[in-house]
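Asker: The working numbering applies: residue 1 is where the sequence shown begins, and numbers increase by one.
Ideal placement from N, C-alpha and C gives every residue a C-beta, glycine not left out.
Quick one: structure below, then a few questions.
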Amino acid sequence: MNTALVTGATGFIGQWLTRELLENGIKVYAVVRPDSENMGKLPEHKGLTVVPCDLQDYGNLPDKLPEEALGSIDVCYHLAWEGVSGPKSTDYRIQLKNVEALMELTAHLTLLGVKKFIAPGSMHEIESQIEMEKHEPCVNMGMMYKGAKHAAHYMSKADVCRQGIDFLWPVVTNAYGVGERSRRLINSAVRSLLKGESPAFTKGDQYYDFVYISDVARAFRLIGEHGVSCRPYVIGSGHARPLKEFLTTAGQLVAPEIPLRFGAHIFQGVYVPKEYYDENEALLGQDTGFYPEVSFEEGIRRLAKWMKVE
């Protein structure tokens with residue numbers, strides 16, 4: 001891989017992936033929203049070309065790229081997605097626009113010379129499959145995001161494979177680390193502990209896995225270099241365990257004097273079998289040589305240190 005196109009390059013994963021690619025001698029065309037607040041967080045590098053293009057304007061993306069990019073891009077990483085969490089995740093209009101933007105992008109892959117297309121899957125997809133198999137009413141409006149991810153996955157796979165291009169949709173378990181400002185579980189828990197607050201959780205008996213962001217970026221690079229088309233890769237630590245164990249470790253490292261309130265909330269989610277993590281994480285290592293370098297303990301230390309000064 002010599003050249004990559006990365007959409008959503010100013011997002012949490014996008015920033016780390018862009019740096020990872022550049023540091024390994026790969027030229028990057030970073031597609032970003034023209035009004036992105038994180039534009040200045042992309043590194044200054046001779047191998048980086050920033051391409052302002054709104055998600056809804058991907059139909060005109062070839063016109064916005066430098067002429068030398070056409071026919072020269074080896075791998076396309078599609079990370080851009082609006083409404084991953086919060087109210088926007090329940091808005092079907094926004095979610096359908098994400099699917100449409102993805103299909104506008106895949107329509108240009110042959111013109112761009114792309115040999116491999118990679119987009120991140122979500123554990124929400126796996127959970128929704130389990131939810132939908134139940135013969136009972138579904139009232140979870142978060143299914144708008146989950147359903148859109150399924151549609152994007154299946155529709156883009158058909159279009160990409162039709163063009164003779166390798167297709168990969170690796171599922172990221174739960175990425176965390178320096179630079180993320182979301183209200184997701186690990187972030188919220190560590191911030192609460194740093195404020196001296198006692199966070200409340202479910203019993204935490206569901207299996208989870210967390211993977212540090214630098215490892216996520218490296219996994220994506222290795223998939224771009226060595227990934228086998230259509231394999232069901234899962235990017236994780238390789239050590240899935242009950243959520244309570246992860247949270248207890250985080251609590252002991254950040255503020256051991258503060259109690260964690262397990263069981264304060266009722267878990268209304270989905271139990272994903274441990275085997276799902278183990279089998280597909282092992283497959284990733286087998287094909288690409290990926291193994292995580294940052295332990296959960298070290299990742300929490302880095303995250304807490306960054307949060308204290310950011």
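Does the ligand HEM have even one heavy atom less than 7 Å from the beta-carbon of K134?
Answerer: In the structure shown, the ligand HEM is absent, as is every other ligand, since no ligand is present at all.
Asker: Can the beta-carbon of Y208 be found less than 8 Å from the beta-carbon of F262?
Answerer: No, the pair does not count as a contact, with Cβ atoms beyond the cut-off.
Asker: Tell me the DSSP bridge mates of F167?
Answerer: Beta-bridge pairing links F167 to F117.
Asker: Find the nearest neighbour of G47 within the set T7, Q206 and N2, judged by alpha-carbon distance.
Answerer: Nearest option by C-alpha distance: N2.
Asker: With a cut-off of 8 Å, do at least 3 Cβ pairs link the region 127–142 to the region 109–118?
Answerer: Because the criterion of three Cβ pairs below 8 Å is not met, the region 127–142 and the region 109–118 do not touch.
Asker: Is it right to say E275 is buried, meaning 16 or more other beta carbons lie within 10 angstroms of its own, or is it exposed?
Answerer: Flag for E275 reads exposed.
Asker: In three-state terms, what does DSSP make of A4?
Answerer: A4: strand per DSSP, three-state reduction.
Asker: Can you confirm whether the region 202–219 touches the region 231–239 when touching is taken to mean that 3 or more C-beta pairs between the two stretches lie within less than 8 Å?
Answerer: Yes, the region 231–239 is in contact with the region 202–219.
Asker: Does DSSP classify V254 as helix, strand or coil?
Answerer: V254: helix per DSSP, three-state reduction.
Asker: Could you round the C-beta distance between T288 and G196 to whole angstroms and report it? I think they count as a contact, below 8 Å.
Answerer: Incorrect: roughly 42 Å between the Cβ atoms, too far for contact.
Asker: Is it buried or exposed, I186, if we count other Cβ atoms within 10 angstroms and call 16 or more buried?
Answerer: It counts as buried.
Asker: Take V294 and list the residues in its own chain whose beta-carbon comes closer than 7 Å to its own, dropping the five residues that flank it on each side.
Answerer: For V294, where only same-chain residues beyond five positions count, the Cβ hits under 7 Å are Y212, S214 and D215.
Asker: Sorted by chain position, which residues of the same chain lie with C-beta nearer than 8 Å to Y291's C-beta, five sequence neighbours on each side aside?
Answerer: Closer than 8 Å at the Cβ level, and outside the excluded window around Y291, lie G238 and G285.
Asker: Consult DSSP for Y233 and reduce its assignment to one of helix, strand or coil.
Answerer: Coil.
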